[in-house]
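Visitor: Numbering-wise, our numbering comes out as the position in the sequence shown, counting from 1, plus 35.
What follows is a single structure, and I will ask about it in a moment.
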Amino acid sequence: MSRNQFARALRAEGIPCSTGYRPLNNEKFLAGALHSRGDVRVYGKKAIHAWPERNNCPGNDRLCEEAVWFTQRMLLGPPSDMDEIAEAI
């Protein structure tokens with residue numbers, strides 16, 4: 036079952052969840068921002084040049100592909116609420 040199917044099934048059971056963020060380290064705006072004059076001045080050309088390799092975050096990328104998010108407020112209920120979540124999963 037895909038993550039999206041899993042999230043839809045949970046929501047159908049009344050368990051609010053989402054698939055969260057895309058991997059922010061891969062967002063295109065970062066590359067442009069990090070080559071601004073201000074960033075080059077602060078971090079230096081060497082650090083800016085090394086950024087693409089240092090920004091490779093496979094663990095983060097995997098989490099963003101596989102994780103399903105539950106809001107913190109869901110976990111504030113009584114133990115019976117947790118049992119319902121566990122049963123739905």
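Glycine included, each C-beta is placed from N, C-alpha and C at the ideal position.
If I'm right that Leu59 touches Cys52 with Cβ under 8 Å, what's the distance once you round it to whole angstroms?
Guide: About 20 Å; that fails the 8 Å criterion.
Visitor: Which class does Ser53 belong to by DSSP, given the choice of helix, strand or coil?
Guide: Looking at Ser53 - three-state DSSP - the assignment turns out to be strand.
Visitor: Mind checking Ala68: buried by the 16 CB within 10 Å criterion, or exposed?
Guide: Looking at its Cβ environment, which holds fewer than 16 other Cβ atoms inside 10 Å, Ala68 is exposed.
Visitor: How many Å lie between Val75 and Asn91 at the Cα?
Guide: For Val75 and Asn91, the distance between alpha carbons rounds to 20 Å.
Visitor: Considering only the beta carbon of each residue, do Ile50 and Ala123 sit closer than 8 Å?
Guide: For Ile50 and Ala123, yes; Cβs fall inside 8 Å.
Visitor: Taking Tyr56 as the reference, give the member of Arg108, His70, Asn95 with the closest Cα.
Guide: Residue Asn95 is the option with its Cα nearest to Tyr56.
Visitor: What's the gap between the Cα of Ser115 and the Cα of Ala47?
Guide: Distance between the alpha carbons of Ser115 and Ala47 is about 19 Å.
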